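Undergrad: Each residue of the sequence shown is one higher than the one before, counting from 1111 in this note's numbering.
Structure incoming, see below.
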Amino acid sequence: MDLLATIRIYLRVVERGTISGAARDLDMSQPSVSERIDKLERFLSARLLVRSSRKLSCTAEGRTFYEQGKHLLDTAETTINSVTLSGSQIQGNLRLAAPQCLGEIVVPKALMNIRTAHPDLYMDVTLSDSIADPVIEGVDISLRLGRLNENGGYIAFPLGWVARKLVATPSYLAAHGPIATPADLACHPFIRLKAFYAKDQVPLTRENGPVVQTRIKTAMTVSHWRPMYDLILSGGGIGILQHPACAKALAQGRLVELLDDYHVPPLALNALIPPLRPLPQRVRVVLDLLKRDIPALLRPAV
1111 MDLLATIRIY
1121 LRVVERGTIS
1131 GAARDLDMSQ
1141 PSVSERIDKL
1151 ERFLSARLLV
1161 RSSRKLSCTA
1171 EGRTFYEQGK
1181 HLLDTAETTI
1191 NSVTLSGSQI
1201 QGNLRLAAPQ
1211 CLGEIVVPKA
1221 LMNIRTAHPD
1231 LYMDVTLSDS
1241 IADPVIEGVD
1251 ISLRLGRLNE
1261 NGGYIAFPLG
1271 WVARKLVATP
1281 SYLAAHGPIA
1291 TPADLACHPF
1301 IRLKAFYAKD
1311 QVPLTRENGP
1321 VVQTRIKTAM
1331 TVSHWRPMYD
1341 LILSGGGIGI
1351 LQHPACAKAL
1361 AQGRLVELLD
1371 DYHVPPLALN
1381 ALIPPLRPLP
1391 QRVRVVLDLL
1401 KRDIPALLRP
1411 AV
């Protein structure tokens, strides 16, 4: 039995929760996957999975083996890459998807570091605010903001948190009056992205307090962050911007934050990859560089 290959199969079964899902991801037949799991259990003399009519779940031994198996494969891949990449450049094509705002402001700086280190790597970058499952969309790495689908067919690597700012211009506030309480938001035109706050509510929280959905009055929706930013900066209304997009305007006083005692919860940023084991070298290297560079870039220096 190829033990490493069988462990990879087992990890994917656990991550997908079904034999059929793992078989699709691995391009194997369901009977072949089941046979490999049976052989692994016999080899270990331990029951790893409990099978029901709809889903698989790990036994205590199975959960321990899953965690240790991930560590084992990661160590093996790192060891292999340390030899194969030593003194050499990675080549080939890499497809990357990213959200529009971060893709225009933050990601290019990280991509330049990748280009400098690996000039022979060709990168195809797509910017979109729609959630891109790398398994479905056919990309190598997808950078995604917000809550993830627990049933997605991907592996997620946390990259950090993106702060969001509720803002307006000083001239807008001078003309239309101060915003002193969350209830005041509903009295002012709110400019937002189409994909966010569709129920005319925004999340607000105080330090260590619960998140409260607060009513707004949508005046305009746009499909791209740039016109939203320009409209708010022109005094057309209030809105929520990602901090990397508005950091300079805040520092220059062209925008001001609203409601000092409240803030909009940040969005989690994750790098999603298809469930490939071992990872292609180009994906592993770029993922490691993104994990190294992105967190600092999410904290704008102005």
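Backbone N, C-alpha and C define an ideal beta-carbon position, used for all residues, glycine too.
Only a predicted model underlies this, so the values are computations on that prediction, with no experimental measurement involved.
1) Using C-beta distances below 6 Å, list every residue in its chain close to D1239, excluding the 5 sequence neighbours before and after it, in chain order.
2) Can you tell me where the beta strand (DSSP E) with R1224 in it begins and where it stops?
3) Leaving out five residues on either side along the sequence, give the residues of the same chain with a beta carbon under 6 Å from the beta carbon of A1207.
4) Decide if L1113 is buried, meaning its Cβ has at least 16 other Cβ atoms within 10 Å, or exposed.
5) Rounding to the nearest angstrom, what Cα-Cα distance links L1314 and E1177 in this structure?
6) Near S1333, which residues of its chain fall below 6 Å by C-beta distance, leaving aside the five closest residues on each side in sequence?
7) Taking buried to mean at least 16 other C-beta atoms within 10 Å of its own C-beta, is A1115 buried or exposed?
8) I need the DSSP call for F1175, collapsed to helix, strand or coil.
9) I'd like to check one pair, T1324 with P1288: are the Cβ atoms closer than 7 Å?
10) Quick one: is Q1352 buried, meaning 16 or more other Cβ sit within 10 Å of its Cβ, or exposed?
11) Considering only their Cβ atoms, is the gap separating I1301 from G1256 smaller than 7 Å?
12) Could you tell me the boundaries of the alpha helix (DSSP H) in which D1148 lies?
13) Can you have a look at H1181 and say buried or exposed, based on whether 16 or more other CB atoms are within 10 angstroms of its CB?
14) Quick one: residues in its chain with C-beta nearer than 6 Å to the C-beta of R1205, no 5 flanking neighbours on either side, listed in chain order?
15) Have a look at L1295, L1269, R1152 and flag the residue whose alpha-carbon is nearest the alpha-carbon of A1381.
16) Taking only runs of the beta strand (DSSP E) that begin and end inside the segment 1281–1367, which ones reach a length of at least 3 residues, in chain order?
17) Does the beta-carbon of K1275 have 16 or more other beta-carbons within 10 angstroms, so that it is buried, or is it exposed?
18) Using a 10 Å radius around the Cβ and a threshold of 16 neighbouring Cβ atoms, would you call M1338 buried or exposed?
19) Thinking P1354 and V1216 are a contact (beta carbons under 8 Å), I'd like their distance in whole angstroms, please.
20) Please name the residue, chosen from T1279, R1122, T1128, E1247, that lies closest to Q1362 on a Cα-to-Cα basis.
TA: The answer reads as follows:
1) P1209, Q1210, A1305
2) Before going on, a small fix: residue 1224 reads as Ile here, not Arg. Not the beta strand (DSSP E): I1224 falls in the alpha helix (DSSP H), residues 1217–1227.
3) T1236, A1242, V1249, S1252
4) exposed
5) 36 Å
6) K1304
7) exposed
8) helix
9) no
10) buried
11) no
12) Note, D1148: alpha helix (DSSP H), 1140–1154.
13) H1181 is exposed by the Cβ-count criterion.
14) D1234, V1249, D1250
15) L1269
16) 1299–1303, 1311–1315, 1321–1325, 1327–1332, 1349–1352
17) buried
18) Of the residues assessed, M1338 falls on the buried side of the cut-off, its CB having 16 or more other CB atoms within 10 angstroms.
19) Confirmed, Cβ separation roughly 5 Å.
20) T1279
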